[in-house]
Every structure is written in C-alpha cells, then in structure tokens.
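Per the numbering used here: the sequence shown = residues 1 to 315.
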Amino acid sequence: MKQLQTQQQGALWVFTAYVLWGFMPIYWKSLHHVSSGEILVNRIIWAFLLTVLAILIMGQGKKLFIDFQALWKTQKQFWSLCAASFLVTINWFTYIWSVNHDFIVQASLGYYINPLVSVLLGIIFLKEALNRNQKAAFVLAAVGVTILTIHYGVFPWISFVLAFTFALYGLIKKHIKLDATRGLAIETAFTVPIALLAYGWIFSTGDAVIMDTDPLTVVLLILTGIATALPLVFFAKGVPSIPLYVTGFLQYIAPTMMLIIGVAIYGESFGKFEWLSFAFIWIALLVFTVPEILRYVRNKRALIRLQKQESSHQS
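As structure tokens, then:
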C-alpha cells in the first residue's frame with residue numbers, strides 16, 4: 001500500500017513537470033518582444049542565482065562544494081558535465097527561438113522523436129542492439145520525417161537540433177550521479193561567464209530590453225530561472241519512485257501540449273501533410289513504447305511470483 005502511494009505521488013510530480021514543460025510556449029511567447037539571445041542569457045543567469053539561493057536556504061551549500069570537488073577529481077565527469085551544460089544551452093536557445101518565430105509544431109516534433117534518437121545514440125555509444133519493434137519504429141518515424149521534409153521543402157532542422165541535443169544531454173547525465181538542484185547549479189555555472197559576457201555585449205549595443213521595458217517583462221525575465229529549475233526539480237523528485245514505462249508514457253504530455261498550443265492558440269499550420277507525417281511518428285512511438293511496457297509488466301509479474309515462491313519455501 002505504501003509503495004503504491006509512493007508511486008502515485010511520484011507520478012504526480014513527473015506529470016506536473018511535463019505539464020509545466022508543455023505550457024512553456026505560452027511563457028516564451030509572452031516575451032516575444034525580447035530577443036531569443038537576451039531571454040537565453042537571463043534564463044542561464046537567473047537559473048544559476050535562484051538555484052544557488054535555494055541550495056543555501058536549504059543548508060546544502062557545503063554539499064554543493066563537496067559535489068564540485070568530487071567532479072573536479074574525476075576530470076572525465078567534470079568535462080562531460082561541462083559538455084552537457086553547453087548542449088542543453090543550445091537546446092534552450094533553439095526552443096526559445098523556434099517558439100518566438102512560430103515553429104512550435106516543429107519543436108513538438110523534436111520532443112516526439114527524442115526517445116527514438118536516444119535509442120539511436122545507445123546503439124552508437126553504448127553498443128546496444130535494436131529489436132524488431134525498434135527497427136519498425138525507426139522506419140515509420142523516418143517515413144514521417146521524409147513526408148514533412150518534402151512538404152516543407154527543407155529539412156526540419158529545428159526538430160533534429162532539439163531531439164539530438166536533449167538526447168545527448170540525457171546520455172551524458174545518465175552517467176553522472178548528482179542531486180537535481182545542486183547539479184543544475186553546477187551545470188549553469190559552466191555557462192554563466194559566457195552569458196554575462198554576452199549580456200555585456202547586448203548592453204553595449206543598446207539592444208538590452210530589460211533596461212527599457214515594462215515591469216512585467218522584467219519580472220518574466222527574472223522568473224525564467226524558476227521556469228527552468230522548477231520542472232527539473234519536480235521531475236527529479238518523482239522519477240525514481242515510478243516504473244520506467246510510466247515515465248515513458250508521461251513524456252509525451254509536453255510535446256502533445258506544445259502541438260495543441262501551437263495550432264489552437266497561435267494558429268500554426270497543421271494541414272493534411274502534417275497530419276500524415278505526425279500519424280507515422282505517433283504510430284512509431286506506439287510500436288516503440290507499448291512492447292516495452294508489456295515486457296516490463298511481464299518481468300515485474302515474474303519477479304513477484306519468484307519472490308512469493310522463495311517466501312513460501314522459507315516459511
């Protein structure tokens with residue numbers, strides 16, 4: 001009973017994280033009059049400052065220092081996290097730019113194909129093998145992307161930059177064990193110096209909106225730090241206590257919300273070619289996800305039966 005409650009609470013935390021990520025296009029659209037570069041540097045700077053402040057308030061300043069020391073002693077992990085920091089920064093910039101230039105549908109496609117890209121990276125870097133369902137999913141997704149490419153006349157680079165940068169980020173983070181909040185502080189610390197230099201340049205050119213705008217815009221720019229940190233903390237809090245298949249299903253909440261927001265609220269085009277392309281990708285995700293869920297459930301049941309048998313033998 002207690003385990004069930006823990007799983008339900010974990011699922012709620014993860015669900016909330018994905019819903020917050022799903023609503024992000026509305027947040028970035030509210031800052032459409034600010035350049036994507038200025039939004040990005042604010043997001044980095046305020047995410048760092050607010051995260052460090054939260055760590056200090058929680059009395060974890062010493063732990064943050066210990067984490068940094070441990071990383072520095074393991075140079076491979078230190079520079080891997082540095083690379084992850086720059087990858088997620090590219091991801092952030094591409095996402096903000098795509099939303100504020102009316103490419104929300106392409107952005108949602110990127111996060112739909114992200115799980116498939118993660119599997120592809122597993123094959124390349126971890127020497128993992130594809131099963132039959134995964135191969136079929138890749139073929140279906142490739143057909144969907146090809147349809148969209150032919151329709152647009154250009155390769156949907158936004159989708160692939162978002163998918164590959166986030167998948168590579170996830171691959172690196174998989175091998176670095178850090179508390180979510182303290183890890184975010186260290187990650188953003190790598191890019192803060194560059195963000196400050198970039199903001200200095202924006203100020204020198206007279207293009208800095210923050211100094212000559214309404215109070216609401218200033219508040220929204222500052223809150224980009226919370227908008228960055230909060231879903232990550234919720235996700236990190238919930239994901240260890242729920243089965244992998246639950247996370248697998250929940251991860252499609254954010255791109256689905258983004259797609260609906262892009263089409264229904266901001267009037268982005270979604271005609272018959274988009275429907276056809278996304279249909280192939282949605283089927284690919286079903287072919288990819290459902291067998292994994294069934295396999296997990298079968299293994300879980302087999303494990304429970306084995307534990308019961310061992311318990312009965314012991315008694």
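Here a beta-carbon is modelled for each residue, glycine too, at the ideal position from N, C-alpha and C.
The structure displayed is predicted, hence computed values, not measured ones.
- Per DSSP, the continuous alpha helix (DSSP H) segment holding Ser204 begins and ends at Ala180 to Ser204.
- In summary, Pro255 is buried, with 16 or more beta-carbon neighbours lying within 10 Å of its beta-carbon over all protein chains present.
- Thr74: not part of any alpha helix (DSSP H); DSSP gives it neither H nor E.
- Distance from the CA atom of Leu223 to the CA atom of Thr51, rounded to whole angstroms, is 12 Å.
- Judged by their CB atoms, Lys29 and Tyr296 are not nearer to each other than the 8 Å cut-off.
- Annotation for Leu31: no alpha helix (DSSP H) segment contains it, and DSSP assigns it neither H nor E.
- According to the DSSP assignment, Thr213 belongs to no alpha helix (DSSP H), since it is labelled neither H nor E.
- The beta carbons of Ala227 and Ile55 sit no closer together than 8 Å.
- Per DSSP, the continuous alpha helix (DSSP H) segment holding Pro255 begins and ends at Ile253 to Ile260.
- Ile124 and Phe203 have their alpha carbons spaced roughly 43 Å apart.
- If you draw a straight line from the Cα of Ile44 to the Cα of Phe65, it comes to about 20 Å.
- The shortest CA-to-CA distance from Leu148 to any of Glu274, Trp21 and Lys300 is the one to Glu274.
- The shortest CA-to-CA distance from Ile261 to any of Ala137, Val99 and Lys272 is the one to Val99.
- Contact between Val117 and Ala167 holds, since their C-beta atoms are separated by about 4 Å, short of 8 Å.
- Setting aside the 5 residues that flank it on each side, Asn91 is surrounded in the same chain by Leu162, Thr165, Phe166 and Tyr169, each with a C-beta closer than 7 Å to its C-beta; the list follows chain order.
- Listed in chain order, the non-local C-beta contacts of Val218 below 7 Å within the same chain comprise Ile210, local neighbours out to five positions each way being set aside.
- Residue environment analysis places Thr205 among the exposed positions, since fewer than 16 neighbouring C-beta atoms fall within 10 angstroms of its C-beta.
- Secondary structure note for Gln106: its alpha helix (DSSP H) is the uninterrupted segment Ile104 to Leu126.
- In this structure, the CA atom of Ile113 is about 10 Å from the CA atom of Tyr252.
- Relative to the Cα of Val192, the nearest Cα in the group Trp46, Ile57, Ile26 and Gln7 belongs to Trp46.
- Remark: C-beta atoms of Leu121 and Leu171 approach each other more closely than 8 Å.
- Excluding its 5 nearest sequence neighbours in each direction, Ser159 has C-beta neighbours in its own chain below 6 Å: Gln106, Leu109 and Gly110, listed in chain order.
- Secondary structure of Ala54 (DSSP, three-state): helix.
- Sequence-distant Cβ neighbours of Leu250 in its own chain, meaning closer than 8 Å and more than five residues away, are Ala11, Val14, Phe15 and Tyr18.
- Scanning Leu259, Ile304 and Glu187 for the CA closest to the CA of Gln77 turns up Glu187.
- Leu20 carries a helical assignment under DSSP once its states are collapsed to helix, strand and coil.
- Just measuring C-alpha positions, the residue of Pro240, Trp72, Pro25 and Tyr199 sitting nearest Ile104 is Pro25.
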